[in-house]
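Chains as they are written, first to last, in my numbering: chain A, 1 to 421; chain B, 1001 to 1155.
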């Protein structure tokens, strides 16, 4: 039989343009004034906005389905359980996990990383062992490992980065050895926007039989995630950075690893049986989900994934890249402005500094112009130290941002320079 | 030029932030303290030479990795604080501390006492709750320095 599937795949669907106005209409929070100016929301790296369909799904749960999950035989509990477990199935498809039981609901990426630290790290890391992280980690992917190393007398090793904000992979090779127990690296740097070559990182670690945790907080909202293709062993992300409510998130883990790990928290829902002599833990995923979870938020995460499935994500990513390109060009042209983070592969994060003006003053004056940016160390103080900075201002774009938003940002920066320059 | 930005960043604040007064390490200080605002990374050291309950000399230093180091509000606040406190006795310092704090947290402008003098330019910071700590950082650092039980030698 002749195989013509290749020919079918070769034919991409070309949409005319990204209809940003139609997308913006889905996000009620964007349509307001701040300090008398139309809101220009460029702090998506900290938290993204929530579309109406996600808000409605959360409200529907509260109004019509609210109940505890996995417990009741009554109607509402069954409805709630079905919705909650339905969200897990959506996550499974979203990241292409082999099985939904590999998708553990957590409060966000931070809790996901802490779960792996407790469940995997405290069980398998011993004195003299080593854990590798990178120079561009968020504090969420530094502090848990430091705590573990302190407790276990293990050693934290750091993959360095160059001045552009790219990891130096040759140095990574030199760090890997038979004492390495885990590699924990971010997919996309929240402070610099760098996209790291995860596939290469996992391949090299796996040669030593070392599992790899990926902090996907900044990548899941912007690119297609395939945990099997990345071949990572753990992948954590936050719902609130990908159009879902706060309190939602996932840590994915390969089933065979999750099975071998200790539970995270103890409590209800994570057990098969309890006596005062012995507790038998539940199977995956419940083993890691003690207590009543953020049901409405996690159902909201499922709805956000549904929403993302209704839009053309390739086009969305292309639009975000175009915003990054346009903003980089415009900001670079302003005298006194310097872009921080110039890696070849970048997500839609633009960190910058202005000569002799502190980022917090930039943030305050931009806020008065209705522009929301992040100013500070971005919970990545070692990144700032590496680059000889105390802070930066950061504009981070989502697919609902526009070139006009960038133009307003440029005017705002000119205003900052006028007031304080 | 009466935009909200100009209201917050009053001319005197901008001027002091660019040319901070008494911005130096004090070799003969007998008290000092470091202040840190983890939210924005502002980091300052306040040096004092206190003799007979009088501030004979006062200076501060911005600490930071880059040349900007600290935000305009905290630099200007530290600079103007050192100007206002030099030569004051400790009860006077206590009064100014309390009044400055009151100004940044009180409800109305009318309550701002004239004894604050030039320091009243910081009244606008009240409208920016996230920035109040920038203005009060040098004052809290001053207080920590004054509360030092042992006199610090810089030898």
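Even for Gly, the Cβ is constructed at its ideal location relative to N, Cα and C.
Chain B within 8 Å of residue i, Cβ atoms only
i, result
"residue 391(A)", "yes"
"residue 163(A)", "no"
"residue 190(A)", "no"
"residue 385(A)", "yes"
"residue 42(A)", "no"
"residue 278(A)", "no"
"residue 419(A)", "yes"
"residue 31(A)", "no"
"residue 156(A)", "no"
"residue 411(A)", "no"
"residue 55(A)", "no"
"residue 415(A)", "yes"
Per-residue burial, residue i [other beta carbons within 10 Å of its own, 16 or more giving buried]
i, result
"residue 293(A)", "buried"
"residue 1122(B)", "buried"
"residue 23(A)", "buried"
"residue 1038(B)", "exposed"
"residue 82(A)", "exposed"
"residue 304(A)", "buried"
"residue 196(A)", "buried"
"residue 12(A)", "Bear in mind that the predicted position of residue 12(A) carries a pLDDT of just 47, short of 50, making it too unreliable to give a figure here."
"residue 336(A)", "exposed"
"residue 52(A)", "exposed"
"residue 1104(B)", "buried"
"residue 174(A)", "exposed"
"residue 61(A)", "buried"
"residue 28(A)", "exposed"
"residue 73(A)", "exposed"
"residue 56(A)", "exposed"
"residue 401(A)", "buried"
"residue 285(A)", "buried"
"residue 1130(B)", "exposed"
"residue 332(A)", "exposed"
Helix, strand or coil at residue i according to DSSP, with G and I counted as helix
i, result
"residue 141(A)", "helix"
"residue 161(A)", "strand"
"residue 149(A)", "helix"
"residue 246(A)", "coil"
"residue 364(A)", "helix"
"residue 1136(B)", "helix"
"residue 260(A)", "helix"
"residue 212(A)", "strand"
"residue 182(A)", "strand"
"residue 109(A)", "helix"
"residue 338(A)", "strand"
"residue 192(A)", "coil"
"residue 399(A)", "coil"
"residue 168(A)", "coil"
"residue 1005(B)", "helix"
"residue 251(A)", "strand"
Assumed close pair residue i, residue j - CB separation to whole angstroms, cut-off 8 Å
i, j, result
"residue 1090(B)", "residue 1100(B)", "About 15 Å separates the two Cβ atoms, so there is no contact after all."
"residue 131(A)", "residue 145(A)", "5 Å"
"residue 362(A)", "residue 380(A)", "About 18 Å separates the two Cβ atoms, so there is no contact after all."
"residue 244(A)", "residue 192(A)", "Contact doesn't hold; Cβ gap of about 25 Å is too wide."
"residue 314(A)", "residue 397(A)", "Going by Cβ atoms, the distance from residue 314(A) to residue 397(A) rounds to 16 Å, so no, they are not a contact pair."
"residue 1118(B)", "residue 1081(B)", "So it is not a contact: roughly 10 Å between Cβ atoms."
"residue 252(A)", "residue 227(A)", "5 Å"
"residue 347(A)", "residue 42(A)", "So it is not a contact: roughly 14 Å between Cβ atoms."
"residue 94(A)", "residue 295(A)", "That belief does not hold up - the Cβ atoms of residue 94(A) and residue 295(A) are roughly 19 Å apart, past 8 Å."
"residue 394(A)", "residue 349(A)", "6 Å"
Contact with chain A by residue i, beta-carbon distance below 8 Å
i, result
"residue 1008(B)", "yes"
"residue 1138(B)", "no"
"residue 1057(B)", "no"
"residue 1004(B)", "yes"
"residue 1069(B)", "yes"
"residue 1016(B)", "no"
"residue 1078(B)", "no"
"residue 1052(B)", "no"
"residue 1072(B)", "yes"
"residue 1122(B)", "no"
"residue 1065(B)", "yes"
"residue 1126(B)", "no"
"residue 1041(B)", "yes"
"residue 1021(B)", "no"
"residue 1025(B)", "no"
Contact test: residue i Cβ vs the ligand GTP heavy atom, cutoff 7 Å
i, result
"residue 389(A)", "The model depicted lacks the ligand GTP and carries no ligand whatsoever."
Entirely enclosed beta strand (DSSP E) segments - the region 1022-1080 of chain B, minimum 3 residues: 1031-1037, 1042-1051, 1054-1062
Ignoring anything shorter than 4 residues or poking outside the region 3-86 of chain A, list the alpha helix (DSSP H) runs there in chain order. 5-10, 20-24, 52-60
**Report entry** 3-residue-minimum beta strand (DSSP E) runs that sit fully inside the region 291-355 of chain A, ordered along the chain
**Finding:** 337-340, 349-354
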